[in-house]
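Presented below is the structure to which this report refers.
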Amino acid sequence: MTAVQMYGLVPSASLDPKESLPCVAAGLPHFSSGWARTWGRDCAISASGLFIKTGLFEIARAHLLCFCTTLKHGLMPNLLDSVRTPRYNSRDSPWFMLQLLQEYVKYCKEGEAILGVQIKRRFPSSDEWVPWDSSIAYSEQLTVGEVVEEILERHAKGIDFREYNAGPAIDGQMSDKGFNISIHVDWATGLVMGGNEKNCGTWMDKMGESEKAGNKGFPGTPRDGAPVEIIGLLYSTLVWAAQLAKAGKLRKNGAEVEIDGKKVKVTWDEWAQKIQKNFEKCYWIPLDSNEDKDFVIDPKLVTRRGVYKDVFGTPSDRAHADYQLRPNFPIAMAVAPKLFTPARALIALKTTREALIGPLGMRTLDPWEADYRPDYDNANDSSDWLVAKGRNEWVWPIGYYLRAFLHFDTLAGEGLQNRQVTVHQIHSILAEHRRYIQSDPWAGLPELTNKDGAFCRDSCESQAWSLSSFS
10 MTAVQMYGLV PSASLDPKES LPCVAAGLPH FSSGWARTWG RDCAISASGL FIKTGLFEIA
70 RAHLLCFCTT LKHGLMPNLL DSVRTPRYNS RDSPWFMLQL LQEYVKYCKE GEAILGVQIK
130 RRFPSSDEWV PWDSSIAYSE QLTVGEVVEE ILERHAKGID FREYNAGPAI DGQMSDKGFN
190 ISIHVDWATG LVMGGNEKNC GTWMDKMGES EKAGNKGFPG TPRDGAPVEI IGLLYSTLVW
250 AAQLAKAGKL RKNGAEVEID GKKVKVTWDE WAQKIQKNFE KCYWIPLDSN EDKDFVIDPK
310 LVTRRGVYKD VFGTPSDRAH ADYQLRPNFP IAMAVAPKLF TPARALIALK TTREALIGPL
370 GMRTLDPWEA DYRPDYDNAN DSSDWLVAKG RNEWVWPIGY YLRAFLHFDT LAGEGLQNRQ
430 VTVHQIHSIL AEHRRYIQSD PWAGLPELTN KDGAFCRDSC ESQAWSLSSF S
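10 is the number of the first residue of the sequence shown in our numbering; add one for each residue after it.
Shown next, in the form of structure tokens:
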């Protein structure tokens with residue numbers, strides 16, 4: 010039902026700037042038309058559930074190929090705007106899109122053959138900004154497989170640029186520094202680091218808007234550093250790319266990078282192994298403080314133990330942000346379970362269930378944190394820096410939580426002996442979602458909820474990724 014509801018032809022939005030093509034809406038009614046209809050991150054997260062798992066493969070393919078054409082700076086846009094004026098300020102969009110590509114290859118009859126499909130680049134490989142109707146636009150070709158290689162290679166070498174037309178014309182809330190995009194690999198760990206305190210390049214992208222409260226131009230969650238879900242998605246892509254290269258399905262098996270002043274070749278497999286070696290050392294917060302010496306931990310900043318950090322490498326003046334419990338590490342668990350020790354994963358998932366899971370969705374911050382505010386009200390014009398003009402809670406991450414729980418509980422938990430125990434726990438969480446869908450006039454799941462699943466008036470009534478993430 011949601012797949013049919015979200016997909017259609019509208020005159021004001023398309024997957025091609027030159028012709029009107031049907032495309033997916035991020036949510037209804039707020040994201041139904043114009044530049045607000047189709048978003049890269051939302052599409053990448055929702056298309057697997059809406060279109061691949063339902064057998065609507067051609068629709069998934071059309072969206073995948075569209076976003077492949079948008080490749081620029083080694084990134085894909087979140088704001089697509091019918092590929093006319095896409096915006097390249099999202100650090101996670103390319104990784105979610107490559108995860109979708111993996112899903113497509115796995116489940117669709119076309120399989121790996123899609124990697125050889127030729128597409129035309131909206132922008133030239135020089136990254137020059139050109140209008141969509143310029144003779145330079147769509148003048149260069151590459152294959153889908155080369156898109157995978159370029160995203161990995163550009164991140165490996167480092168990405169630095171300032172957004173095209175930076176300023177109020179593209180974002181009336183962002184401060185000047187926020188338009189500067191910088192992404193690099195820390196080759197000591199293999200982790201991709203990026204962002205700054207004035208931009209918000211992940212899905213937690215609410216920008217402060219209140220001059221009265223003083224938060225205008227300050228993201229609610231900048232997450233500069235290495236967000237845990239990006240590292241999970243990166244690792245998943247690297248493992249896949251290494252397999253493809255070994256099978257001759259990709260031309261390149263790595264990238265030439267500069268490390269300590271020397272040019273070296275790093276293969277996709279070597280990069281993945283480096284991440285795996287360092288992941289838990291960087292992200293795990295042990296239950297026993299006596300184990301802190303084995304991990305990168307500042308005990309003074311720890312709020313909860315037995316969980317994974319949300320980010321690694323936040324600058325020292327805001328380093329506590331690394332340690333805040335948020336719903337993002339289950340995303341990494343779902344896409345890259347091999348990064349996690351099963352026993353630790355189960356401990357973290359148990360804590361997350363107790364602290365973050367509500368009737369329909371997941372709290373986006375631990376209630377133990379002093380800056381936790383559970384309600385989203387875009388009309389809030391108070392002087393509270395933390396919530397003025399709106400901050401939010403989300404439904405979609407719970408789908409990734411449930412997938413992670415299914416994997417690890419049947420691997421090393423109660424479900425190891427009896428899978429039905431795990432399934433029963435999952436169904437107990439899903440019971441409220443079933444009830445909601447059956448009674449909801451939109452027959453879907455909302456974008457946001459307020460505290461304990463309360464109605465949020467600023468939420469979409471039905472959101473594409475909210476329901477699709479459960480598939």
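Every residue, glycine too, gets a C-beta built ideally from N, C-alpha and C.
- For tryptophan 249, same chain residues with a beta-carbon under 6 angstroms away, outside a window of 5 residues either side, are Gln111 in chain order.
- Non-local C-beta neighbours of alanine 53 in its own chain, meaning closer than 6 angstroms and more than five positions away in sequence, comprise Phe105, Met106, Leu109, ordered along the chain.
- Taking the Cα positions, tryptophan 293 is about 32 angstroms away from histidine 82.
- Around the beta carbon of glutamine 150, a 10 Å sphere encloses fewer than 16 other beta carbons of the protein chains shown; the residue is thus reported as exposed.
- The criterion of a C-beta distance shorter than 8 angstroms is satisfied by proline 455 and cysteine 469.
- Distance from the CA of lysine 271 to the CA of leucine 369, rounded to the nearest whole angstrom, comes to 51 angstroms.
- Of all C-beta pairs linking the stretch 40 to 57 to the stretch 88 to 98, three or more are shorter than 8 angstroms, placing the two stretches in contact.
- DSSP links phenylalanine 40 through a beta bridge to Gly36.
- Across the structure, serine 475 and isoleucine 446 are spaced so that their CA atoms are roughly 12 angstroms apart.
- Taken through DSSP and simplified to helix, strand or coil, threonine 246 comes out as helix.
- Our two residues, alanine 69 and glycine 154, have alpha carbons roughly 17 angstroms apart in a direct line.
- Using a Cβ distance threshold of 8 angstroms, tryptophan 196 and isoleucine 240 do not count as a contacting pair.
- For glutamate 159, the enclosing alpha helix (DSSP H) has its first and last residue at 153 to 166.
- In the DSSP assignment, the residues bridged to proline 236 are Val320.
- Burial check for valine 273: the Cβ neighbour count within 10 Å stays below 16, so the residue is exposed.
- In the DSSP assignment, glycine 203 falls within the unbroken beta strand (DSSP E) covering 200 to 203.
- Apart from sequence neighbours up to five positions away, the residues of its chain that approach alanine 35 with a beta-carbon distance below 6 angstroms are Trp48, Asp51, Ala473, ordered along the chain.
- In the DSSP annotation of this structure, lysine 129 is not part of any alpha helix (DSSP H); the continuous beta strand (DSSP E) holding it starts and ends at 127 to 129.
- Of the residues assessed, glycine 408 falls on the buried side of the cut-off, its CB having 16 or more other CB atoms within 10 angstroms.
- With fewer than 16 other beta carbons inside 10 angstroms of its own, arginine 260 counts as exposed.
- The alpha-carbon of phenylalanine 227 is positioned some 17 angstroms away from that of arginine 382.
- Only exposed fits aspartate 461, as fewer than 16 other CB atoms lie within 10 angstroms of its CB.
- In the three-state reduction of the DSSP assignment, glutamine 447 falls in the helix class.
- Of the candidates Pro20, Ile284, Ile145, Ile284 places its Cα closest to the Cα of threonine 246.
- For the set Leu374, Asp233, Ile179, Glu238, the Cα lying nearest the Cα of glycine 210 is the one of Asp233.
- Beta bridge pairing from DSSP links methionine 216 with Pro228.
- Unbroken beta strand (DSSP E) runs of no fewer than 3 residues, entirely contained in the stretch 313 to 396, are not found.
- In the same chain as valine 316, and ignoring 5 residues on each side of it, the C-beta atoms closer than 6 angstroms to its own belong to Ile294, Leu334, Ala357, Thr360, in chain order.
- Bridge partners of lysine 302 according to DSSP: none are assigned.
- Rounded to the nearest whole angstrom, the C-alpha separation of serine 29 and glycine 43 is 12 angstroms.
- By the C-beta criterion, the stretch 301 to 319 is judged to be in contact with the stretch 331 to 351, since at least 3 inter-stretch pairs fall below 8 angstroms.
- Of the candidates Glu279, Gly223, Val237, Val237 places its Cα closest to the Cα of aspartate 101.
- For isoleucine 145, the three-state secondary structure derived from DSSP is coil.
- Non-local C-beta neighbours of arginine 412 in its own chain, meaning closer than 6 angstroms and more than five positions away in sequence, comprise Ala343, ordered along the chain.
- Per DSSP, the continuous beta strand (DSSP E) segment holding isoleucine 192 begins and ends at 189 to 195.
- Around the CB of leucine 80, 16 or more other CB atoms lie within 10 Å, so the residue is classed as buried.
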